[in-house]
Structures are given as structure tokens and as C-alpha cells.
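For the sequence shown, my numbering assigns the number 46 to the initial residue and increments by one for each residue that follows.
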Amino acid sequence: MTDNWGNEQSVRKLQPGKLVIASHNAGKVREIAELLGPHGIEPVSAGSLGLPEPDETGTTFIANAELKALQAADLSGLPALADDSGLCVEALNGDPGIFSARWAGPDKDFNLAMRLVWEAIAAKGPDAGHGAHFVCALALAWPDGHVEAFEGRVDGMIVWPPRGDKGFGYDPIFQPLGHDISFAEMDPAKKHAMSHRADAFRQLVAASF
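Have a look at this one:
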């Protein structure tokens, strides 16, 4: 198979058993666990293993996902899966993008982050568009340094005020194309079926099982 840049990417099958989810975000770990459950995978969160969160020094979603997956695999001695995802707003030149979590501040306050996004759009004036998309990069790494990456996307628009109490992160202000409700108002199973994470997971599953 080829990676997102058209280069050949070697593929290694993922065997049933423990897989470290290299995230300390409980909502993200829960979504990934639900997506992997049918494949005989036993998800173990990096937080439960006491693994540190690395500095995300990459300049792309895939680079950050690979960095996190490789560290978790190296420290745990187990295969590890990392997700780097974010909200990209067209009117903000793709921001917050790879800095989506940082906009929430040290307390991970996504009410603050959502307000900052809306205020930044409003500052662009009444003609600023509300188009946006979520990106999810998944990296699957092994302790020997082998790594594979997959990237998914879902398009939509920013809505205000925030709507719904399901989901996490920026879900309350993101309305996917073709729908009149936000991700946070959507039944979780329906969101899982169409999200950026689901898109990336379809690619991972097709390659790894």
C-alpha cells in the first residue's frame, strides 16, 4: 500500500492482544477502544501505564502521531497506536490545526478553545466563511521501530453557540456536511461511522487485520 504522500508503505499485521493507546485523553481512548473492540484487541491506555506525554514537536498531524506511537511502543514493549487530530478552520488558515489541544490551555478547557475559535472567526468580519474540517492521523508502531500511518478527514462547518453534550473536544461547534446537528448532538454510533477517526480507522483496519 502507499502512504499519504504516494510512497510505498510496508504493512505489518496487528495480532490480537494488548495494544497501548498512546493518549491521556479519556474520550479519545474510549472512541478508539470501541473501534478496535471487534478485532480482538485489548486496549491499554498510556495513562494507565504511567507513560509520559511526549512534546508534540512535529509540524503535521502524522508526524506527531508517529512521535507519540513510537515512544509508547518503546517504553511499553508493546505495539502502540497514537492519534493526532484537530480542527482546521478555513477562515483561520487551518488553525487551530495541530495546535487544537493547546488552544484549550493547560487545563484542557475546550469551552475556552471553542470560544477562541469563534472569536477568531468573528474577528475576520461578517464575510468570513464557517467551513471547517477535522483531521485524524493514526500511527501504529512496534517496539522495533516499525511504524505505519493513516489519515482521515470529515468536512463540515463551525456553528455557534455550542450544541449538545455528547462527544468531546470541539464536537459541540462542528456540524458535519449533510447534517443539521453537531457532532455533540449526534448518537455516538452515528458519529463513529462517519468521523475523521472512523475514516482513518477504516484504512488502518483494511491494512492491519
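All C-beta atoms, glycine included, are put in the ideal place defined by N, C-alpha and C.
Identify whether residue i lies in helix, strand or coil by the three-state DSSP scheme.
{"i": "E196", "result": "strand"}
{"i": "E230", "result": "helix"}
{"i": "L123", "result": "coil"}
{"i": "G72", "result": "helix"}
{"i": "F155", "result": "helix"}
Would you call residue i buried or exposed, if buried means 16 or more other Cβ atoms sit within 10 Å of its Cβ?
{"i": "L157", "result": "exposed"}
{"i": "S227", "result": "buried"}
{"i": "N109", "result": "buried"}
{"i": "Q116", "result": "buried"}
{"i": "R242", "result": "buried"}
{"i": "P221", "result": "buried"}
{"i": "F144", "result": "exposed"}
{"i": "K58", "result": "exposed"}
Could you tell me which residues DSSP puts in a beta bridge with residue i?
{"i": "I86", "result": "G62"}
{"i": "Q116", "result": "DSSP output for Q116 lists no bridge partner at all."}
{"i": "S145", "result": "BP columns for S145 are empty, so no partner."}
{"i": "G103", "result": "Answer by DSSP bridge pairing: none, since G103 is not bridged."}
{"i": "S130", "result": "C181"}
{"i": "F213", "result": "Paired residues: none, contrary to the question."}
I need the straight-line Cα distance from residue i to residue j, nearest angstrom please.
{"i": "A210", "j": "A229", "result": "Residue 210 is actually Asp in this sequence, not Ala. So the two alpha carbons sit approximately 5 angstroms from each other."}
{"i": "F219", "j": "K235", "result": "15 angstroms"}
{"i": "K41", "j": "P124", "result": "Absent from the model: residue 41. The displayed extent of the chain is 46 to 254, so no value can be given."}
{"i": "P233", "j": "E98", "result": "27 angstroms"}
{"i": "I66", "j": "V192", "result": "14 angstroms"}
{"i": "M46", "j": "L183", "result": "Residue placement at M46 cannot be trusted, given a pLDDT of 46 that sits under 50; the coordinates are not used to answer."}
{"i": "P88", "j": "G170", "result": "45 angstroms"}
{"i": "F246", "j": "F195", "result": "8 angstroms"}
{"i": "A91", "j": "A118", "result": "10 angstroms"}
{"i": "D225", "j": "D189", "result": "46 angstroms"}
{"i": "F179", "j": "Y215", "result": "9 angstroms"}
{"i": "S55", "j": "W187", "result": "13 angstroms"}
{"i": "D152", "j": "T105", "result": "23 angstroms"}
{"i": "V199", "j": "L94", "result": "31 angstroms"}
{"i": "G103", "j": "M231", "result": "32 angstroms"}
{"i": "N138", "j": "A165", "result": "11 angstroms"}
{"i": "L185", "j": "A127", "result": "7 angstroms"}
{"i": "G131", "j": "G150", "result": "15 angstroms"}
{"i": "E101", "j": "H237", "result": "25 angstroms"}
{"i": "S68", "j": "E111", "result": "12 angstroms"}
Is the number of C-beta pairs between the stretch 157 to 177 and the stretch 193 to 205 that are closer than 8 angstroms three or more?
A contact exists between the stretch 157 to 177 and the stretch 193 to 205.
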